[in-house]
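First residue of the sequence shown? That's 2 in this note's numbering, and the numbers climb one at a time after it. All C-beta atoms, glycine included, are put in the ideal place defined by N, C-alpha and C. As the structure is a prediction and not an experimental result, all values here were calculated from the model.
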Amino acid sequence: MVSVAISGNGSNWQTLDMIIDTGADLVVLPESMIAQLGLANSAFTRKNMQTANGVTEAKIGTLQELRIAGETVENVEVAFIADQLLGKNCLLGMSVLGRYQINIDDKSQLITLFKK
Numbered sequence: 002m003v004s005v006a007i008s009g010n011g012s013n014w015q016t017l018d019m020i021i022d023t024g025a026d027l028v029v030l031p032e033s034m035i036a037q038l039g040l041a042n043s044a045f046t047r048k049n050m051q052t053a054n055g056v057t058e059a060k061i062g063t064l065q066e067l068r069i070a071g072e073t074v075e076n077v078e079v080a081f082i083a084d085q086l087l088g089k090n091c092l093l094g095m096s097v098l099g100r101y102q103i104n105i106d107d108k109s110q111l112i113t114l115f116k117k
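Structure below.
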């Protein structure tokens, strides 16, 4: 888990704990967060996505900014899926992680991100 701050439009911010998921192509958030992030009037692309629980429809959009460990990542592709499919989980996927080199130290249970 990692703590991040996210904003859909640059003015509405949410701080939350996300699960690092190198198997997720995108950042994945519950659909109920769309309005909280200031994205209620945004145009989304609808796409079927493969999840651990099967195929589901997602709303694909862009977060203006995501802040993690003092770093700011801009224009992050995000998938919003039905809340009941995520439970209370939010996934930090490769639309952010792919911008970094990832070092996983299993012994110390530490993940370090290095800018590419």
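So the candidates are the options; which of them puts its Cα closest to the Cα of residue i?
{"i": "L93", "options": "N76, S4, M19 and G9", "result": "M19"}
{"i": "E66", "options": "V3, S8 and M2", "result": "S8"}
{"i": "R100", "options": "G11, L17, T23 and S12", "result": "T23"}
{"i": "S43", "options": "I69, D107, Q85 and M34", "result": "M34"}
{"i": "L111", "options": "N90, S96, I21 and D26", "result": "I21"}
{"i": "A41", "options": "R68, K116, G71 and G62", "result": "G62"}
{"i": "K117", "options": "K89, D107, V74 and E78", "result": "V74"}
{"i": "A53", "options": "L64, A25 and T16", "result": "A25"}
{"i": "N10", "options": "E78, V56 and N49", "result": "E78"}
Just to check my reading of the structure: residue i and residue j have Cβ atoms closer than 8 Å, yes? What is that Cβ distance to the nearest angstrom?
{"i": "P31", "j": "L87", "result": "5 Å"}
{"i": "V135", "j": "A80", "result": "With the chain running from 2 to 117 in the structure shown, residue 135 is simply not present."}
Kindly examine the ligand SAH and report whether one of its heavy atoms sits closer than 6 Å to the Cβ of residue i.
{"i": "L114", "result": "As far as ligands go, the structure on display features none, and thus does not contain the ligand SAH."}
Suppose you measure from the CA of residue i to the CA of residue j; what does that come to, to the nearest Å?
{"i": "I103", "j": "G39", "result": "30 Å"}
{"i": "F115", "j": "W14", "result": "25 Å"}
{"i": "N76", "j": "K60", "result": "16 Å"}
{"i": "I69", "j": "Q51", "result": "26 Å"}
Terminal residues of the continuous beta strand (DSSP E) containing residue i?
{"i": "Q102", "result": "Y101 to D106"}
Next item on the list: Report the residue ranges of all beta strand (DSSP E) runs contained in full by the stretch 22 to 65; include only those spanning at least 3 residues, in chain order.
Entry: 28 to 31 and 46 to 52
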